[in-house]
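Residue numbers (mature numbering (1 follows the signal peptide of the UniProt record, and there is no 0)): -27 to -1, 1 to 302. Remarks on the structure that follows.
See the structure below:
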């Protein structure tokens, strides 16, 4: 009797241990069956009120409607847009803390030490979109086309100033590449964003400005003129403005693309749930409308495709940093 009872206790203890282990595994995996059962935090590494914030808020609102739980945007500006990624890299891989992953996050790992590895510390969920960039001049400038500007710059090497939105940012590095390909020598002038650079352009302090959709309102008012855009195809709102590729700069498409990632080690079932819900949210009329407002194109890539895209971005950014001999700051 006592032997039989001892075997029963051992079996019961074994079953209890197995149940605890399974429960622990489910907790670590994020509880895919009931996901989500509480609000999700979406970190946006830019200030409130800007283009990216507006787009990500609409996207997050639509995502929350699909998932049946609020997706709360938390702004984490500063440090070259790396603060959101740094927080997510340390977060539990349960799917409740996500971030927008920006191109500067990928570039800066080759310029300075970051508290994360872009290719190792994240789970890519869905690539979303990129920005519209281009080079604009004041409407009263003598340059009616990019060819006009290039010709003037060649006559005045080093004398013409081209503004950008910050050292080592996408517009700055694009300026360097475009000037190199065009064979012109211009002075690159960094500003702290379009809000500072565009008044300098209108005031005649610089001759051209590389900027995004922040200049679109001025273009519609007839105060600035686009000389080119850096998208793959012409922008619908500016059908007469050529792309860089059309101007002969083969392969030069620059949109500073981004998507959403979570921490490494997420439960694949949670990733699939998020990816499906994000795809639906991204294609919603409200989200498509905000993209159109800012001249942004929908560019959806699922987790595996997004992971490879990040890897390719890393290779491209490392090569660019080395070729241009860039330094932090």
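Each residue gets a CB set at the ideal place from its N, CA and C atoms; glycine is no exception.
Nearest to residue 109 by C-alpha distance, out of 16, 174, 293, 221, is 174. Distances from the CA of residue 10 to each of 28, 41, 17, 88 were compared; the closest alpha carbon is that of 41. In this structure, DSSP gives residue 24 a helical state, which the three-state scheme calls helix. By the neighbour-count criterion, in which a residue is buried when 16 or more other Cβ atoms sit within 10 angstroms of its Cβ, residue 44 is buried.
Exposed is the label assigned to residue 127, since fewer than 16 other Cβ atoms lie within 10 Å of its Cβ. Under DSSP, the beta-bridge partners assigned to residue 231 are 102. Short of 6 Å from the beta carbon of residue 33, and not among the five residues preceding or following it, lie these beta carbons of its own chain, in chain order: 15, 44, 46. In the structure shown, residue 70 falls within a strand segment according to DSSP collapsed to helix, strand and coil. For the pair residue 78 and residue 69, the Cα-to-Cα distance works out to about 21 Å.
Contact annotation: residue 254 and residue 87 have beta-carbon atoms that are not nearer than 7 Å.
When the Cα atoms are used, residue 103 and residue 117 turn out to be separated by approximately 27 Å. Nearest neighbour of residue 114 by Cα position, chosen from 227, 176, 161, 212, turns out to be 176. Residue 29 carries a helical assignment under DSSP once its states are collapsed to helix, strand and coil. For the pair residue 218 and residue 199, the CB atoms are not nearer than the 7 Å cut-off.
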